[in-house]
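Quick note on our numbering: the sequence shown kicks off at 299 and runs consecutively. Even glycine gets a Cβ: it sits at the ideal position worked out from N, Cα and C. Notes for the one structure printed next.
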Amino acid sequence: MRNKIVEKAALQLNLPYQTVWEVYSSYWKFVRQHLMSLPLKEDITEEEFNKLSTSVNVPSLGKIYTDWEFIKAKKKRENERHKNK
């Protein structure tokens, strides 16, 4: 299945579809890898969290990020779920 965004970019840039697809895929793999590498499953303090780079700016889309309040609430829900088992 061909991605329409990649196909359009390939035509506009006069590049092979496969080349554009590899660049596009590589970009999103980097974003995912960066976010997945954050030590958020560990017990970290707010101070430690604030030292992390917890956002990625995606041009024309915006910033993908997480904040301490979200992480704290998520950990609380997980702890409650484990206690109820």
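Which residues does DSSP pair with residue i in a beta bridge?
i, result
"residue 355", "361"
Can the beta-carbon of residue i be found less than 8 Å from the beta-carbon of residue j?
i, j, result
"residue 344", "residue 326", "no"
"residue 347", "residue 362", "no"
Of all the CB atoms in chain B, is at least one closer than 8 Å to the CB of residue i?
i, result
"residue 338", "Looking at the structure shown, chain B is missing, and only one protein chain is on hand."
Roughly how many whole angstroms lie between the Cα atoms of residue i and residue j?
i, j, result
"residue 329", "residue 381", "33 Å"
"residue 360", "residue 310", "23 Å"
"residue 312", "residue 321", "14 Å"
"residue 375", "residue 342", "16 Å"
"residue 353", "residue 314", "31 Å"
"residue 332", "residue 317", "23 Å"
"residue 301", "residue 356", "19 Å"
"residue 358", "residue 378", "38 Å"
So the candidates are the options; which of them puts its Cα closest to the Cα of residue i?
i, options, result
"residue 350", "379, 312 and 364", "364"
"residue 372", "319, 321 and 340", "340"
Any heavy atom of the ligand ATP closer than 7 Å to the Cβ of residue i?
i, result
"residue 362", "As far as ligands go, the structure on display features none, and thus does not contain the ligand ATP."
- prompt: Per the contact definition of three or more C-beta pairs closer than 8 Å, is the region 325-345 in contact with the region 300-308?
  reply: Contact fails: fewer than three Cβ-Cβ distances are below 8 Å.
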